[in-house]
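Each residue of the sequence shown is one higher than the last, beginning at 3 in this note's numbering.
Glycine residues also receive a C-beta, built at the ideal position from the N, C-alpha and C atoms.
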Amino acid sequence: MTLKIDTEGHKNGKREGMWESHYRNGQLHTKGVYRKGKREGEWEFYFRNGQLECKGTYKNGNEDGVFEFYYSKGQFDPSRSGNYKNGKKLLS
Numbered sequence: 003m004t005l006k007i008d009t010e011g012h013k014n015g016k017r018e019g020m021w022e023s024h025y026r027n028g029q030l031h032t033k034g035v036y037r038k039g040k041r042e043g044e045w046e047f048y049f050r051n052g053q054l055e056c057k058g059t060y061k062n063g064n065e066d067g068v069f070e071f072y073y074s075k076g077q078f079d080p081s082r083s084g085n086y087k088n089g090k091k092l093l094s
């Protein structure tokens, strides 16, 4: 998979601010915010075909909160979706 980073910023050598990356075909791949080099807040990830793959919230670089995963044709994937804390999926 080859990606092209379109929006990027750095502060003190670390990623900072809004970031977007696209596949070479122009389709959006990732979208979110970096704070002090770590993912923070709402992030979205997309398949090459443009379908949403995953969306969820990061805190201090780790998955933290509800994450929703989808299959490449757009159907919800309940096996990977759920609540996360410090990067680990919580048991239901």
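CB-CB under 6 Å to residue i, same chain, minus the five flanking residues each way: which ones, in chain order?
{"i": "Asn88", "result": "Asn64"}
{"i": "Gly11", "result": "Glu18, Gly19"}
{"i": "Glu46", "result": "Lys33, Lys57"}
{"i": "Lys38", "result": "Lys16"}
Tell me where the beta strand (DSSP E) around residue i begins and ends.
{"i": "Tyr86", "result": "84-87"}
{"i": "Gly67", "result": "64-71"}
{"i": "Leu30", "result": "30-37"}
{"i": "Lys40", "result": "40-48"}
{"i": "Leu54", "result": "54-61"}
{"i": "Ser74", "result": "It is not in any beta strand (DSSP E) - Ser74 carries neither H nor E in the DSSP assignment."}
Might you give, ordered along the chain, the residues of its own chain that have their beta carbon closer than 7 Å to the beta carbon of residue i, omitting 5 neighbours on each side?
{"i": "Gln29", "result": "Tyr48, Arg50, Gly52"}
{"i": "Asp79", "result": "Phe71, Tyr72, Tyr73"}
Which same chain residues end up closer than 8 Å to residue i when comparing Cβ atoms and leaving out the 5 residues on each side of it in sequence?
{"i": "Lys75", "result": "Gln53"}
{"i": "Glu55", "result": "Phe47, Tyr48, Phe49, Phe71, Tyr72, Ser74"}
Residue j and residue i - do their beta-carbons sit closer together than 8 Å?
{"i": "Phe69", "j": "Ser81", "result": "no"}
{"i": "Gly91", "j": "Asn62", "result": "This sequence places Lys at residue 91; Gly is not what is there. Cβ atoms of Lys91 and Asn62: not closer than 8 Å."}
{"i": "Tyr86", "j": "Gly67", "result": "yes"}
Here's the rule: buried if 16 or more other CB atoms are within 10 angstroms of the residue's CB, otherwise exposed. What is residue i?
{"i": "Gly19", "result": "exposed"}
{"i": "Glu44", "result": "exposed"}
{"i": "Gly58", "result": "buried"}
Counting only C-beta atoms, is residue i closer than 8 Å to chain B at any point?
{"i": "Glu18", "result": "In the structure shown, chain B cannot be found, because there is only a single protein chain."}
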